[in-house]
Amino acid sequence: MSRRILGILAVLALLLGIVSCSSAPKPADVFASFADALQRKDAHAAAEQTSDPATAEKTITAMFNGMGDQAKLAVGSSPTDGQENGFTLKYQWSWGQRHDFAYDTTGSAAKSGENWRITWSPTLLHRDLKDGLSLQYSQDSELQTPVLDRTGQPLMSWQTVGVINLERTHPESAATLAGLLNQFDPTTTADSIAAQLNGTQDDRVTVIKLREDDLGKVRDQLTPIPGVTVVEQGQLLTTNRELDSPAIGGLEQIWHDRITRSAGWSVYLVDAKGAPAQRLISTPPAPTDPVKTSLDMRLQLLAQHAVAGESRPAVLIALSSSTGGILAAAQNAAADPQGAIVFSGLYPPGSTFKTITTAAALKANLVTPQTPVACPGQVTIENRTIPNENNFDLGTVPLSSAFAHSCNTSMAALADKLPADALTNTARDFGIGVDFTVPGLTTVTGKVPNADTAAQRVENGIGQGTVTVSPFGLAVAEGSLAHGSTIVPTLVDGEKTTADKPSVPLSPNVVDALRAMMRQTVTEGTAAELRDIPDLGGKTGTAEFGDNTHSHGWFAGIVGDIAFATLIVGGDSSAPAVTLTGEFLRPALANTG
C-alpha cells in the first residue's frame, strides 16, 4: 500500500474520530431535553431522560396534576459551578394574577452505556420533595363571604353538604337507599336510582346532596348499605332551605367571581391523601366584601307563600320603584318546568297593557282622564270586532272610568287613532322592549312591534295581537311609572345593569293621570277586592291565547315603593291574580310604617 493511501486513511480515521466525539451525548443535552419536556408537560418524555423512568413519570405526573391545568411552567438548565456533570434547573410556575412561584433545584448525570441519564431523585422537581409527597397549588378564596339581602340578612352561605353516592356494582341497594332519602326528596325512588345507574358508564352515581343537619339524621343508616359512600364537601347554599327563586340561581357565579378576584394562593407539599405536609409559598386572600343583593328575604318568602297556593303556573315579581332593585321573584312548582318564566316568559298582557295605550293617547293629547269616551259592548274596526268581557256596556263615560272598568272597546278606539309606532315607542319609554343585561339574570321585557294596520293597532292596544310581555317587563313598566322615568333593574350592588336604550323621563301629567286611574281601578273598578290596601293602584288583565278559549290572568301595579306584576298562566280571569296579589301585599305592607 502506498504512503499516499496510508496518509489518506489516517486522515479519514482522525476525522471520523472527531465526528464521533462531537456527536456523543453530553450531560448538557440530557438536562436540556429534561427541561424542555417539563415545559411541554410531557411527563413520559421527561422521565425517559432519568435513571428510573417508571418512578420518575409517576412523580412528574402527580406534580402536573397537583399544580393544575392552568399552570404555566418554564424550566431552564445550566451547569453547576465546579461540577462536571452537575446542573441547576430553574423553575418558574405561573397561574396568572401575579401568582408566580420560582425556585432552583440541582441534579447530576451519569453515563449509562453510551448515553447519559439524569440520576433520578424527587429533589429534581423541588429540593424539599420526597417520595410519597407531591406539589399542590390551591387558590385560597374567602369562602365565608356571605350573600346578603338588602337588609343585611344572609341569603346564602358556605355550608357543608353530604354527597351520597352509589357504586354501579350494587344496584340491589337502590331500594334501601331510596327508602332513606325519599323523606328529603320525594322524587328519589328505587326506579330513579336504577335509571341513573343504567344511564352512565361511571363507576358510581351521585344520588343526592344533603344539608349537614339532614345528613346527621341518616348517616349511621347509610354507612352499612353496600356500595354507598358519603363524601362531605362545601357548597354555597341558601341560609333558609325554603328560599327558592330564579333570582338566586345566578348569585353563585357572582359570588365565585368576587372571591376569585380577591383570592390568595398557596403551594404545599401534600401526601397521597392530599393532606398538607409542608407549605412552600402562600399569599392570604384580600378582604372580600359581601355580595349584597336587592332581594328582601321577608318579601321573597311572602311571595313564595302566595304563589304556592295556586295549582296553575303562577309567578309574582316585586321591584323597588325608587332603586330598580328586584325585591322578590317567585314562581310555584307548576311554573318551574317551563323555566324561569318570571324573568323571561313572554305572554300577551291583556288589559294590563292599557296602561301603555292610555299613556300613548295622553301623550298625543288625544284625551284627558275626564274626556268622555264611548264604551259599548263591542266595536268593529277594520273588520275586527272587539268585545268587552261578557259584552258589558257602560255607555259614554270619562276615560278614567273606562280605564278602571277595563273597557276594551274604548281602548280599541283610542289605539286606532295612534300612529303605527306609538305603542312601540311608549312601551320602550316604560321599559317594555328594552334589552336589559342584569348581572346574575337572564331577562326579557317584551315585544311590541309596530302596528301598520288598524286591526293590528286595536288588537295591540288591548294587549293582544302581536304584543307580549314578561312578568319582569311588566313590573319594570310599573316601576318606571312610579319613578317618573325608565327604571334600570338591578340585583347585586356594584354589578352594573346595561340597557340598549337610555332611561328617559315620563311626562309628569301622564304619570299623574295614570296613577289616579290605577287607583280608581282598585277603589271602584276591576281590582276592588283590594280596596282595603291604602294607596294601591293597579291594572287587571285577561289575555286570550291559543284557540281563544282560555286566557291568562294578570294584575300589575304600584303601592309605596313596590312595583309588582302577578301572572297566573291559564288563569281564565284576572280575579285569581288579584286575590293572589292581595295575599302577598297585605302581610308585605303590614308593620312597615
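Using the UniProt record's numbering, the final residue of the sequence shown is 593, and nothing's skipped along the way.
For every residue, glycine included, the Cβ atom is placed at its ideal position computed from N, Cα and C.
Since the model is a prediction, treat every value here as computed from it, not as a measurement.
For residue j and residue i, the rounded distance between their alpha carbons
| i | j | result |
| --- | --- | --- |
| P154 | I254 | 15 Å |
| P587 | D220 | 42 Å |
| V31 | P122 | It is worth fixing the name first, because residue 31 is Phe in this sequence and not Val. For F31 and P122, the distance between alpha carbons rounds to 15 Å. |
| I118 | S112 | 10 Å |
| T239 | N198 | 35 Å |
| D185 | A374 | 57 Å |
| G339 | G345 | 8 Å |
| V397 | L414 | 14 Å |
| G179 | V207 | 12 Å |
| L399 | T385 | 21 Å |
| I164 | E172 | 16 Å |
| E212 | T160 | 6 Å |
| R40 | H99 | 20 Å |
| L12 | H126 | Because the pLDDT of L12 is 43, which lies under 50, any placement of that residue in the model is unreliable, and the number read from its coordinates should be weighed accordingly. L12 and H126: Cα-Cα distance of roughly 48 Å. |
| A263 | Q97 | 10 Å |
| N65 | Q136 | 8 Å |
| E48 | V270 | 25 Å |
| H550 | A516 | 31 Å |
| T453 | A402 | 24 Å |
| T151 | D296 | 7 Å |
| Q183 | V218 | 10 Å |
| K130 | A62 | 13 Å |
| I381 | K417 | 11 Å |
| G494 | W95 | 27 Å |
| S574 | Q201 | 51 Å |
| A361 | L327 | 31 Å |
First and last residue of the uninterrupted alpha helix (DSSP H) at residue i
| i | result |
| --- | --- |
| V354 | At residue 354 the sequence reads Lys, which differs from the Val that was named. Segment K354 to K363, the alpha helix (DSSP H) holding K354. |
| W255 | L251 to R261 |
| G570 | Element bounds for G570: n/a, residue is neither H nor E. |
Residue i in three-state terms, based on DSSP
| i | result |
| --- | --- |
| E57 | helix |
| D42 | coil |
| D104 | strand |
| H552 | strand |
| S33 | helix |
| E310 | coil |
| K217 | helix |
| Q235 | strand |
| F584 | helix |
| P171 | helix |
| N65 | helix |
| R457 | helix |
| T50 | strand |
| G179 | helix |
| A565 | strand |
| P287 | coil |
| T437 | strand |
| T579 | helix |
| A451 | coil |
Integer-rounded CB distance, given that residue j should sit under 8 Å from residue i
| i | j | result |
| --- | --- | --- |
| S351 | T540 | 6 Å |
| A563 | W554 | Actually they are not in contact, since the Cβ atoms of A563 and W554 sit about 14 Å apart, beyond 8 Å. |
| E232 | G309 | The Cβ separation is near 37 Å, so there is no contact. |
| I341 | V315 | 6 Å |
| A556 | G570 | In fact, because the Cβ distance is near 18 Å, the residues do not count as touching under 8 Å. |
| Y268 | V469 | That belief does not hold up - the Cβ atoms of Y268 and V469 are roughly 55 Å apart, past 8 Å. |
| T145 | P290 | 6 Å |
| L243 | V147 | L243 to V147, Cβ: 11 Å. No contact. |
| N421 | T293 | In the sequence under discussion, the amino acid at residue 421 is Asp, which differs from the Asn named in the question. No, D421 and T293 are not in contact; Cβ-Cβ is about 37 Å, not under 8 Å. |
| K354 | M411 | 5 Å |
| V504 | T486 | 6 Å |
| E57 | A43 | 5 Å |
| V488 | G324 | 5 Å |
| A477 | I558 | Going by Cβ atoms, the distance from A477 to I558 rounds to 10 Å, so no, they are not a contact pair. |
| T497 | T437 | 6 Å |
| L580 | A306 | 5 Å |
| N388 | T409 | 6 Å |
Limits of the unbroken beta strand (DSSP E) element including residue i
| i | result |
| --- | --- |
| G86 | G86 to S94 |
| L269 | G264 to V270 |
| R279 | P276 to T283 |
| G76 | K72 to P79 |
Let me know the alpha helix (DSSP H) ranges lying completely inside the stretch 376-429, each 4 residues or longer, listed in chain order.
399-404, 408-416 and 422-429
Runs of alpha helix (DSSP H) wholly within the stretch 184-211 (minimum 4 residues, chain order)
190-198
Could you pull out every unbroken alpha helix (DSSP H) segment of at least 4 residues lying fully inside the stretch 119-158, listed in chain order?
none
Where in the stretch 464-550 do unbroken runs of the alpha helix (DSSP H), each at least 4 residues long, occur, reported from the N-terminal end onward?
471-483 and 508-524
Counting only runs of 3+ residues fully inside the stretch 292-353, write out the beta strand (DSSP E) ranges in chain order.
314-320 and 326-331
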